[in-house]
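Presented below is the structure to which this report refers.
Numbering (this note's numbering), first residue to last: 64 to 1338.
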């Protein structure tokens, strides 16, 4: 019984660079003419070493002189093919692969080096440790070793293979003094378990390395490993190469010479009988190769064909015995017929045992027990984000070899940590090394990138990404993803799932999003002056006081402590460090009373956290006085399992009970589990022979946490009580010694059937997790056959057939599509599928038919069809519906807006036209042309400053805005306000069913425009500040001269560029307090004359605010607007004279100045024909509107905007300015507003006189002070 424990299955991928392997070839001492076998385990060469002619030679048992590669129990050797002499030092084979064979100084002379090797000059090299056919080959380029990434020189010459240290690699990455890939801030990239092991994979974990000089089973750090280090190879060889000819002195394999002549194929201690109680197996564990290399018999019966694998590679196999006490298992090597026998029983077999059959064991076992509610209802997902239901395999991976991947999947990738800001903005750039044509094709047809969390749950089904192939360092596929995107904007660890239309094979790449803000650790008051063995703690905060540790789970996953002596210790979570929110607690003494801070001096604490940059802090630890040496637990050293003793916070600790699935407590419930019998047996066997991994132990844990209820065969039509079956087996063993198989039990049992059946179950998966909740119907019945025809084109029906079980189609009772609980209909009202009259196939219609039909049910993508059939287990068929896609590349259309002065390229302020469809002349794309634009979903634009924005459609952005895109049938247009700056732009376009398309293009500076035919802009008369309300924002109103109403209307309604104090303003229909920098065109409320431009007040920040208006075909208009002063309460002012008009306006400036000289105060001076009031004759020009109280103080004066010449009465609803005038008596008097009748009369008179001489006073004439007048027309 194993100890009950919590087994966690947490994926913690570390985002790091993949190492690109480089080929090399130089002319060194070559290996030629060898009959070299792949060094992937191989077989031992039998024979003896002899020292002849000043060198070692090997003679086989037959007396033949060995040549080429041979394997002895101490390792691999290479013998000169010409004379058989053992070679040492550097050698190179005919393929250009280099090896190092130990010299006498390195250890066992002639032994092939694998793992780390350091030459006499201190240079490190690494030789392949994987049994992949190139064991011992020197590695170059980037290599992952023991979770770290190193770079080895690839250049030809004697320096090839040298490990880079403390420098930048040729491709621009930094490696530290240990040769490990790191950031310039010292952060080392590490991924536990990744890459090659520093010791050969064939070595047992309990055995130290003996692979020769320079190799080290414990990896390379400091002085471990190396040519003459203690971590090197055997030292039993004679360093002097002395000894008599034919003697064994200095025998390179002397330490194993006592085993020569023995054939050792299997591990004798692991090859034995394993009795599980209800079934017994004979287990064979191979030391070399797998079952494919041998035949096996038990007491004379060949059982090879009825053995099944326990592990993935077949290095451990099992046979269900047909008797309780077999005697001897004999393994025969098929290559040479040599045998090895292992005695597993006592005495001799009385008779020849039966072979048995593969179907004699149970198929599954039903169990019942307590399961956490969390585990029961938690769904687990496969690497593609699909919900897992049942085990995909029943064997376990224990060899340590990397799992095989599809050849079209790029094996090497580079993806550094991706920095994001507080808003999640950043850029992912993934590089894939494309070494084969298949990999290029897979990359070219890359279709979808999903985002998964650590548990493979889908967060984003389809990232927007772009691809390009670089060729500077071989072919490299580059994938770029702009952030943020849906569910991908927060710091932390994710996984990217890449799928291609080229094949079903998918690729998983770990992703790490890191906050670009550097959080720091500050020593807190728990122990501000720690001594040796005392605890201390840090508060972790962001640069602006941001909180740390706001994630659900603790982000810190590793803490390193560098002692004053330079030794680095990785602390253990919980008993040596722990985190509570933003506090990191370091234990000076752990729970086993081991003193962690056992040196006085300066320590460096380095914390690694998911989603954060590496954090380091120096802490000084003082010496203890003698009186304090006996009591190190000062300053309330807390038990690491609990909470800081100085904290008053109450923390709820959940129920610690847990099952093997990895949950961490919580409430429990009763549940039923199904164990695949073969999976369970394999896990229990590995546990028995002590050759386990985490997955197998998780399965075993579930078994011991549950109680077996029933056992069943493959069809599960009958459930047999497990206790009844177990006792029947035991009774047979203890009675007459008969072995009772399950197959025979079913035939002879009576009373063993049970009617107890649960409604729903969960299956135990191969990694100890649980599948999703299922109905028991998924277990009962014959196994449904695989169906053909599950793939088709969009719009086509799918015809499903079975050529292995002709009866299955006729037994179908219901179909369920895409997890629906409602079965598909097949009647006159709605027909979703049809079963053929001959019951040979079932047709799933793309679009439903019938009276209520017409719905497209087979849309593009993946669908799941659950099929129920009488007498069969329910099965789910995955349907794939693909769409034929339009093929093209985005391109710039001709610039139709360019002027004669411009080049063909696009310029600042111009609309950009982009072709987004197949060529019209391409017949193959004729039916598809325009499909991309029909399915257009979005446009994103990146400007020259690398700012990315989503571009709205014209319908979304509004008819007056000019920074949207306009969609056409085969193209789209980017509006002119998107291009305010010259430089390189990149547009990214997405459409349903298509991968994103991009186009980069240049925008040039605007060309100089001819000015000969430009028209004059209408003059500005007044500016007015209007206060905001609860609904409307404050704004500045500019009134334009409307002498020519049509011309003014045309000018104001034209597309224009408006700049206020250098800030671009956008056109809007209505102004809003929620938007800034906008303007709108307004009409006079009384007569509907277009005469105003209203500007939101946010851009008017200066005492004098410059407004520039540019309209195509008109002179540029520039004028100043005074800032509204709330203390003065002035809301209407005359506009300042335009700063910059064209030449004519400049020439008229002097004229206008003269026209505004003071008019004599004679009361008979005559009324202005422009209907303007003269302050001096206020008394004579009284109107119906009574004059304001003459005794009004100066503080109560208001300005009145006067009517424009020729437009009397248009603005009578508008506030008017009144200028105070000093009367002869010294009293302040307000001018009156001119009545409508008087203005109409004056306007008529003015029209009859010299109308052509009326001046357009651009400085504004409504708000003239008492010292100036508007220009009066001559009589």
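Glycine residues also receive a C-beta, built at the ideal position from the N, C-alpha and C atoms. These numbers were taken from a predicted model, which means no experiment stands behind them.
- Counting along the chain, residue 1018 sits inside the alpha helix (DSSP H) bounded by residues 1017-1020.
- Judged by beta-carbon spacing, residue 457 lies beyond the 7 Å limit of residue 769, meaning their Cβ atoms are not closer than that value.
- Cβ atoms of residue 1107 and residue 1084 stay farther apart than 8 Å, at about 13 Å.
- Our two residues, residue 524 and residue 514, have alpha carbons roughly 7 Å apart in a direct line.
- Residue 789 sits in a helix when the DSSP states are folded into three classes.
- In the DSSP assignment, residue 437 falls within the alpha helix (DSSP H) that extends over 436-440.
- In this structure, the alpha-carbon of residue 661 lies about 8 Å from that of residue 651.
- Residue 1001 and residue 246 have their C-alpha atoms spaced approximately 37 Å apart.
- In the DSSP assignment, residue 1112 falls within the unbroken alpha helix (DSSP H) covering 1108-1116.
- Residue state for residue 341 is assigned as coil, using DSSP reduced to three classes.
- About 6 Å separates the beta carbons of residue 166 and residue 152, which is inside the 8 Å limit, making them a contact pair.
- Nearest Cα to residue 874 within the set 901, 858, 857: 901.
- Contact between residue 475 and residue 496 holds, with the beta-carbon distance rounding to 4 Å and staying under 8 Å.
- Residues 382, 418, 419, 420, 421 of the same chain have their beta carbon placed closer than 7 Å to that of residue 369, with the five preceding and five following residues left out of the count.
- Excluding its 5 nearest sequence neighbours in each direction, residue 923 has C-beta neighbours in its own chain below 6 Å: 857, 944, 946, 1056, listed in chain order.
- When secondary structure is reduced to three states using DSSP, residue 1094 falls in the coil class, being assigned neither helix nor strand.
- Straight-line spacing of the CA atoms in residue 791 and residue 772 works out to 15 Å.
- For residue 160, same chain residues with a beta-carbon under 7 Å away, outside a window of 5 residues either side, are 197, 200 in chain order.
- When 737, 1157, 555, 556 are compared, the shortest CA-CA separation from residue 826 is found for 737.
- DSSP places residue 764 in the helix class (H, G or I) of the three-state scheme.
- By the Cβ criterion, the region 1082-1097 is not in contact with the region 1115-1126, since fewer than three pairs of Cβ atoms, one from each stretch, lie closer than 8 Å.
- Taking a cut-off of 8 Å on C-beta distances, the region 481-494 does not touch the region 1016-1023, as fewer than three cross pairs fall below it.
- Residue 616 is classed as exposed because its beta carbon has fewer than 16 other beta carbons within 10 Å across all chains shown.
- When the Cα atoms are used, residue 867 and residue 906 turn out to be separated by approximately 18 Å.
- By the criterion of a C-beta distance shorter than 6 Å, residue 225 is surrounded in its chain by 186, 216, once the five residues flanking it on both sides are discounted.
- Within the DSSP secondary-structure output, residue 578 pairs in a beta bridge with 483.
- For residue 502, there is no enclosing beta strand (DSSP E); the enclosing alpha helix (DSSP H) covers residues 500-507.
- In the DSSP annotation of this structure, the continuous segment of the beta strand (DSSP E) that includes residue 585 starts and ends at 583-586.
- With fewer than 16 other Cβ atoms inside 10 Å of its own Cβ, residue 1010 counts as exposed.
- If you ignore the 5 residues before and after residue 815, its C-beta comes within less than 8 Å of the C-beta of 783, 784, 787, 788, 791, 808, all in its own chain and listed in chain order.
- Rounded to whole angstroms, residue 473 and residue 498 show a C-alpha spacing of 8 Å.
- Collapsing the DSSP output to three states places residue 131 in a strand.
- Between the alpha carbons of residue 248 and residue 428 lies a distance of about 55 Å.
- By the neighbour-count criterion, in which 16 or more other beta carbons inside 10 Å mark a residue as buried, residue 732 falls on the exposed side.
- The Cβ-Cβ distance between residue 542 and residue 446 does not fall below 7 Å.
- Rounded to the nearest angstrom, the gap between the Cα atoms of residue 810 and residue 423 is 12 Å.
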